[in-house]
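Heads up: the structure comes next, in structure tokens.
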Amino acid sequence: MNPSAFLSRRLPALALLALLALLTPTVAAGHGEGDLRRFMHGIGAVPAAAAGTMNVFFSSSGLPPRGPDRNGNWPHDVYVALWHADSGVLDAPRVFIRKPEAQEPVTVARNRAGQVMVSFEDGWNAPENVTQRFGIYDTSLRPIKPYPQQVESGGHSGHVAAVGERFVVFYSDGWIEGGGVDNLGSGNGVYVKVYDGHGHRLRDIDIAHARREWWPMIAGGDTRALLAWQQFVPGRTDADLKIAVLDPASGRVIGERVLRERLQYYTYSVAWLPSVERFLLVGTAQGHGFAELIDNDGKVRASISCMPASVREAAIAINGRTAYTPAADGRLLQLQAGPDTLTLAGTLMDTAGKPADWRPIGSIGLVRTSGALDWLSLTEQGLEQLRFDPARVQPANAIDQCR
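Counting with mature numbering (1 follows the signal peptide of the UniProt record, and there is no 0), you get residues -29 to -1, 1 to 374 for the letters of the sequence shown.
Structural data, given as structure tokens:
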């Protein structure tokens, strides 16, 4: 599969090359390195069978990553590695799914019954150039309804979450040329499919059918899921950020609306905070970060209107009422949440005291038994493991708070 195949089947080759450069924000990638997704793209983790361990999944063009093949196609496979919370050791990765063409970016969720869904955009055996596919496995990663199961032929950019015993896949389909970044176009709709723990489809929901809206992100709560995606705005090179809340049991979609204007393309993440029963959304608009605390009805309960810019495709790590996410300047942001409060509590440098060189292709944070954080970051050289000690947090200063 060629890079961003859902684009390449619609755009001239020269336009595609320009797009690949533009879609990587300089604040996160730097160095004029083009589209780093050609090396690695997509990472996620779920609890494994043994207590205190996590299965970490990621997509990579080999180990170490080699990038595109001689024909310019991406050859990403899906890998899995076991992480240990007591020691922070990440075992040697093994191939989990390997087919011709690319399987990326991988996304993963585990439901209340311990079943695991793995999903990704797949270039193998795809009549429409790409297909969003999935597989379901038990906690020990034995097959229940294994890959390749189809979400949508031509589907792309999907992300998965668990809500109770159900899985929700939020994905894009279609592309429209023109407008957007360098007049290169936008996606053409976002959609949801709901599955049970054995892979049987329960619901098929149009969230934004045949509209210029794409890059769907999802966080699963106890009974509902937060959906977030970007909307094309004519004449601009930034987007509007839209949200809605989904009840997977009934199929009801609640509170769809524009949450934020002037969004930096692709630079937003969502998470669920069980301790306060709230969703957290972090993003970047007009060069500054922001955060929103959102309830199960889609209402904003607290906000941080200005903070350091966040990083594209960087996850949010949760430890009780504390959340962490990377900042574009190489630090880690620490946010503190209550049911109706949200503050930028401070920032962290890694234990080596150096700013991290965050890349815009995926990273996740895992909480150690000690309370320390291991941050697993995809890079063009391979998977990088950074360590952060919350005891060394520095209070947010006036500049961090845009004062």
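No residue lacks a Cβ here, since even glycine has one placed at the ideal position from N, Cα and C. Keep in mind that this is a model prediction, so the values were computed, not measured.
Locate the beta strand (DSSP E) running through residue i, then write down its first and last residues.
i: Glu227; result: Arg223 to Leu244
i: Gln305; result: Leu303 to Gly309
i: Gly191; result: Glu184 to Gly191
i: Asp218; result: Ala210 to Asp218
i: Thr314; result: Thr312 to Leu319
i: Gly260; result: His259 to Ile265
i: Arg339; result: No beta strand (DSSP E) contains Arg339, which DSSP labels as neither H nor E.
i: Glu148; result: Segment: none, Glu148 is in no beta strand (DSSP E) and carries neither H nor E.
i: Pro331; result: Element bounds for Pro331: n/a, residue is neither H nor E.
i: Leu61; result: Note, Leu61: premise wrong, no beta strand (DSSP E); not H, not E.
i: Ala132; result: Gly126 to Val134
i: Val165; result: Gly160 to Tyr166
i: Val204; result: From DSSP, Val204 is part of no beta strand (DSSP E); its letter is neither H nor E.
i: Leu34; result: Counting along the chain, Leu34 falls outside any beta strand (DSSP E), and DSSP gives it neither H nor E.
i: Asn290; result: Ala288 to Asn290
i: Gly15; result: Met11 to Pro18
i: Ala294; result: Thr293 to Pro297
i: Gly254; result: Arg249 to Ala256
Let's test the definition: count the other Cβ atoms within 10 Å of the Cβ of residue i and tell me whether it reaches 16, buried, or not, exposed.
i: Val312; result: One point to set straight first is that residue 312 is Thr, not Val, in the sequence displayed. That one is exposed.
i: Glu263; result: buried
i: Gln202; result: buried
i: Thr102; result: buried
i: Ala16; result: buried
i: Pro46; result: buried
i: His2; result: Note on His2: pLDDT 37, under 50, position unreliable in the model; no value is reported.
i: Gln235; result: buried
i: Gln86; result: buried
i: Thr194; result: exposed
i: Ala362; result: exposed
i: His169; result: exposed
i: Asn159; result: buried
i: Asp48; result: buried
i: residue 378; result: In this structure the chain extends from -29 to 374, so residue 378 is not present and cannot be described.
i: Glu248; result: exposed
i: Gly192; result: buried
i: His127; result: buried
i: Ala299; result: buried
i: Glu4; result: exposed
i: Pro76; result: buried
i: Arg302; result: buried
i: Ser111; result: exposed
i: Ala181; result: exposed
i: Arg183; result: buried
i: Pro35; result: exposed
i: Asp40; result: exposed
i: Tyr50; result: buried
Find the nearest neighbour of residue i within the set the options, judged by alpha-carbon distance.
i: Gly269; options: Leu252, Val282 and Glu136; result: Leu252
i: Leu230; options: Ala215, Ser221 and Trp146; result: Ala215
i: Pro64; options: Val27, Arg83 and Pro46; result: Val27
i: Val161; options: Arg374, Trp146 and Gln257; result: Trp146
i: Leu306; options: Trp45, Ala299 and Thr318; result: Thr318
i: Arg207; options: Trp185, Ala280 and Arg233; result: Arg233
i: Arg228; options: Ala288, Ala323 and Ile265; result: Ile265
i: Gln365; options: Gly353, Val49, Ile287 and Leu315; result: Leu315
i: Ile107; options: Ala52, Val131 and Gln372; result: Val131
i: Arg283; options: Arg37, His259 and Ala273; result: His259
i: Gly333; options: Glu4, Asp6 and His12; result: His12
i: Trp200; options: Gly192, Leu212, Ala190 and His180; result: Leu212
i: Gln257; options: Asp209, Phe250 and Pro297; result: Asp209
i: Gly156; options: Trp186, Tyr50 and Arg272; result: Trp186
i: Val163; options: Gly149, Glu123 and Arg182; result: Glu123
i: Asp371; options: Ser111, Pro326 and Met278; result: Met278
i: residue 375; options: Leu337, Asn42, Arg41 and Glu148; result: Because the chain here runs from -29 to 374, residue 375 falls outside it and cannot be looked at.
i: Ala97; options: Pro114, Asp109, Thr238 and Pro119; result: Pro119
i: Leu217; options: Leu244, Asn267 and Phe261; result: Asn267
i: Ala190; options: Ile287, Gly342 and Pro18; result: Ile287
Can you give the beta carbon distance from residue i to residue j, rounded, assuming they're within the 8 Å contact cut?
i: Ser240; j: Ala285; result: 6 Å
i: Gly254; j: Ser276; result: Not quite, the Cβ-Cβ distance comes to about 12 Å (not below 8 Å), so this is no contact.
i: Leu347; j: Gln356; result: 6 Å
i: Arg81; j: Glu136; result: With a Cβ gap of about 11 Å, Arg81 and Glu136 do not count as contacting.
i: Arg8; j: Gly38; result: About 10 Å; that fails the 8 Å criterion.
i: Pro105; j: Met88; result: With the sequence shown as reference, residue 105 is identified as Phe, and Pro is not the correct amino acid for it. Their Cβ separation, rounded to whole angstroms, is 6 Å, which keeps Phe105 and Met88 in contact under 8 Å.
i: Val134; j: Ala196; result: 5 Å
i: Ile289; j: Ala242; result: 6 Å
i: Gly59; j: Asp345; result: 5 Å
i: residue 375; j: Phe138; result: Given that the chain is displayed from residue -29 to residue 374, the structure contains no residue 375 and the question cannot be resolved.
i: Arg358; j: Ala343; result: 6 Å
Given 8 Å as the limit, tell me if residue i has its C-beta closer than that to any heavy atom belonging to the ligand GTP.
i: Pro219; result: In the structure shown, the ligand GTP is absent, as is every other ligand, since no ligand is present at all.
Three or more beta-carbon pairs under 8 Å between the stretch 21 to 36 and the stretch 280 to 296, yes or no? no
Segment contact, 8 Å Cβ cut-off, at least three pairs: the stretch 63 to 77 with the stretch 89 to 96: yes
Do the stretch 219 to 227 and the stretch 167 to 185 make contact, defined as three or more Cβ pairs closer than 8 Å? yes
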